[in-house]
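Q: To start, I am sharing the structure in question, which I have written as structure tokens.
Number of protein chains: 2
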Amino acid sequence: MAQLNEDALRKLDNDLQGYIPQISINLVIFRFNGEALEVPGVLVGDKNSWTIPGGFIDQSENLEDAARRILKEQIGSEKLLLKQFGCFGNTSRNFGAEIENFTNHQLPNSIIDWFSRRFITIGYYTVAPPELKILNASPLFFSTKWVCVKDTNTLALDHANLVNEALKILRSDLLSKPLLIDFLPDSFTIPELQKLYEAILGRTVDRGNFRQRMLKQNILTKLGVTKKKTSRRPPILYTLNKQEYLKSLTEDIKLGF
Amino acid sequence: MAQLNEDALRKLDNDLQGYIPQISINLVIFRFNGEALEVPGVLVGDKNSWTIPGGFIDQSENLEDAARRILKEQIGSEKLLLKQFGCFGNTSRNFGAEIENFTNHQLPNSIIDWFSRRFITIGYYTVAPPELKILNASPLFFSTKWVCVKDTNTLALDHANLVNEALKILRSDLLSKPLLIDFLPDSFTIPELQKLYEAILGRTVDRGNFRQRMLKQNILTKLGVTKKKTSRRPPILYTLNKQEYLKSLTEDIKLGF
DNA sequence: TCAAAAGTGTTATAAATACACCCATGC
DNA sequence: GCATGGGTGTATTTATAACACTTTTGA
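These protein sequence lines are chains Z and W, in that order.
Quick note on our numbering: the first sequence kicks off at 441 and runs consecutively.
Quick note on our numbering: the second sequence kicks off at 441 and runs consecutively.
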């Protein structure tokens, strides 16, 4: 059986005293592995209870600052896009079942009491570049892994629903928020870019039209080289022209008048 | 000086015991007066502190249910569209200044303590038909009035910002949520409908194109009569075809591929 | 030389947009 | 009859969308 880190546990117990009770923050950290979207899962306890990462808000901390602090604790970076996508608060939202996983680990009662209450959670999504690692941000997390968004129905609590709602907002932000900057590696091919769009949209798109649209927008800069290691015609490598990309973003909706 | 309702105050004091502390709900109730969008303002105390209405969440109540209950308390109807638009939680969010307005009214300490703490608020917007009245939902509200959205910068706390954010979401919901059902009276003219769109969008739209677009969608049913009381050519009255209107709504975004 | 994926071009249709013009009414 | 706002038509441009054709590569 894994051993709880006593120091980290004492720090957690102490931190909890300063947090606003019954409110949590949850992060949906999207990344693109080249084929599909993934989000981090953290193992709460040692009984197969996987959740998405989260944390709490200090009494003297702005909401957005808390979200960014938790993001930094979780992946070590705080310079990423961070956007609220919703607030969730059914009465059944509590960590009761997850806390049960610690019956053999002698958690302090103060921690058990804290987690046994009903929580209202505020969801933020962010986008992480493919190389970022998930850090182990809490003594209660026994493991971490990336979970494909299609497989999030195995997550505990209402976290499958959180991921789903975040994905909806991610989709609707595709034309107005600079998602590509964080999603893409430094260089990429148009077929790879298309796969990213297809992963976000959850549908296939026309190859020819996609390419034309992307090239016409002037947001891609062709690199002289092509991607090797393919047994077919090697695709051309591009890099994102951030200035033009940011200029191309718009909140406008086309209404026809 | 206005007198506080002792019974209502006792009930409030009692209710507060059952609510989740430090979390509130705020409602932005939009209505269209024929010229501009308005939201209700409630006078907290007697010292010119106007806010938008709100309330709290009972420990045994789902978040969405609480929002709907507060809506019903405020305008007597619960069958309206109700959509969360954001969660706001700067550390400066508290009713300290508003509670000061009651120093001459001998509020119980328990109430003062409750309102003196920092609050995180969850914003919901809704749309009310023009004839609905604002009810006096709290003993702490000394008056109510409709405030034009352009004049909400006079509201206390961060409520001007809340209205602003709600308006942004309202705009982006124009093609996907059934806003017209609640905004419009039973019969209306196309120029009136155009004014509603202009009020929501915050810009003028082309008369001819607007009319064509609306008629092509098949969502308007022409009534035999025209609107009198005009000194010009009388416009034709229409009614909303709800079935076709609901069918015309879509979440799709046009991406060009 | 062939299969497969990359890259390019063509075309039909629909949507967005800018205006011009006519109509009905009260003064 | 004329000013004013209501109602209608048309033409240009652009976007969407379907799909056919060509190119490059390794095996």
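Ideal Cβ positions, reconstructed from N, Cα and C, are used throughout, including at glycine.
Looking only at DSSP bridge pairs, what is Leu660 of chain Z linked to?
A: Z:Leu680
Q: Give me, in chain order, the residues of the same chain whose beta-carbon lies closer than 7 Å to that of Phe581 of chain Z; leave out the 5 immediate sequence neighbours on both sides.
A: Within the same chain, Val482, Leu483 and Val484 come within 7 Å of Phe581 of chain Z by CB-CB distance, once the 5 residues on both sides are set aside.
Q: Would you mind telling me which residues of chain Z sit closer than 8 Å to Asp646 of chain W, beta carbon to beta carbon, in chain order?
A: Phe697
Q: Using the three-state DSSP reduction, which class does Leu522 of chain W fall into: helix, strand or coil?
A: Three-state DSSP puts Leu522 of chain W in a strand.
Q: How about Glu501 of chain W: is its C-beta nearer than 8 Å to some C-beta of chain Z?
A: Yes, its Cβ sits closer than 8 Å to a Cβ of chain Z.
Q: So with CB distances below 8 Å, who are the chain W contacts of Phe650 of chain Z?
A: Phe697
Q: Compare the C-beta of Thr531 of chain Z against all C-beta atoms of chain W and say whether one is closer than 8 Å.
A: A Cβ of chain W is located within less than 8 Å of the beta carbon of Thr531 of chain Z.
Q: In or out: Arg471 of chain Z buried (at least 16 other Cβ within 10 Å) or exposed?
A: So Arg471 of chain Z ends up on the buried side.
Q: Straight-line CA distance for Val479 of chain W to Asp626 of chain Z?
A: 47 Å
Q: Is the CB of Lys694 of chain W under 8 Å away from at least one CB in chain Z?
A: yes
Q: Give the DSSP bridge partners of Arg611 of chain W, in chain order.
A: None, per the DSSP bridge assignment.
Q: Does the Cβ of Val567 of chain W lie closer than 7 Å to at least one heavy atom of the ligand SAH?
A: As for the ligand SAH, it is missing from this structure, which has no ligand bound.
Q: Using a Cβ cut-off of 9 Å, which residues of the segment 461-480 of chain W contact any Cβ in chain Z, in chain order?
A: Pro461, Gln462 and Ile463
Q: With a threshold of 8 Å, are at least 3 pairs of Cβ atoms found where one atom belongs to the segment 633-641 of chain W and the other to the segment 662-671 of chain W?
A: no
Q: In the structure shown, what three-state DSSP assignment does Asp727 of chain W receive?
A: Chain W is shown from 441 up to 697; residue 727 of chain W falls before or after that span and cannot be answered.
Q: Between which two residues does the beta strand (DSSP E) harbouring Arg471 of chain W extend?
A: Unbroken beta strand (DSSP E) run through Arg471 of chain W: Tyr459 to Phe472.
Q: One question on the structure: do Ile659 of chain Z and Glu684 of chain Z come within less than 8 Å of each other, judged by their Cβ atoms?
A: yes
Q: Which same chain residues end up closer than 7 Å to Leu607 of chain W when comparing Cβ atoms and leaving out the 5 residues on each side of it in sequence?
A: Val589
Q: Since Ile562 of chain W sits in a beta bridge, which residues does DSSP pair it with?
A: W:Ile465 and W:Cys527
Q: Grab me the residues of Ile539 of chain W's own chain with a C-beta within less than 7 Å of its C-beta, minus the 5 sequence neighbours each way, in chain order.
A: Setting aside the 5 residues that flank it on each side, Ile539 of chain W is surrounded in the same chain by Ile552, Phe555 and Ser556, each with a C-beta closer than 7 Å to its C-beta; the list follows chain order.
Q: Work out the CA separation of Thr561 of chain Z and Asp498 of chain W for me, nearest whole Å.
A: 15 Å
Q: Are there 16 or more other CB atoms within 10 angstroms of the CB of Asn466 of chain Z, so buried, or fewer, so exposed?
A: buried
Q: In three-state terms, what does DSSP make of Ile497 of chain W?
A: Strand at Ile497 of chain W.
Q: If you run the structure through DSSP and keep just helix, strand and coil, what is Asn534 of chain Z?
A: Asn534 of chain Z carries a strand assignment under DSSP once its states are collapsed to helix, strand and coil.
Q: For Phe623 of chain W, which residues in the same chain have their Cβ closer than 7 Å to its Cβ, ignoring the five residues on either side in sequence?
A: Phe472, Val567 and Leu636
Q: Under 8 Å, CB to CB, which of the residues in the segment 507-519 of chain Z have a partner in chain W?
A: none
Q: Taking C-beta pairs closer than 9 Å, name the residues in chain W that Ile497 of chain Z reaches, listed in chain order.
A: Result: Gly529 and Ile560.
Q: CB-CB under 7 Å to Gly529 of chain Z, same chain, minus the five flanking residues each way: which ones, in chain order?
A: Hits under 7 Å: Ile560.
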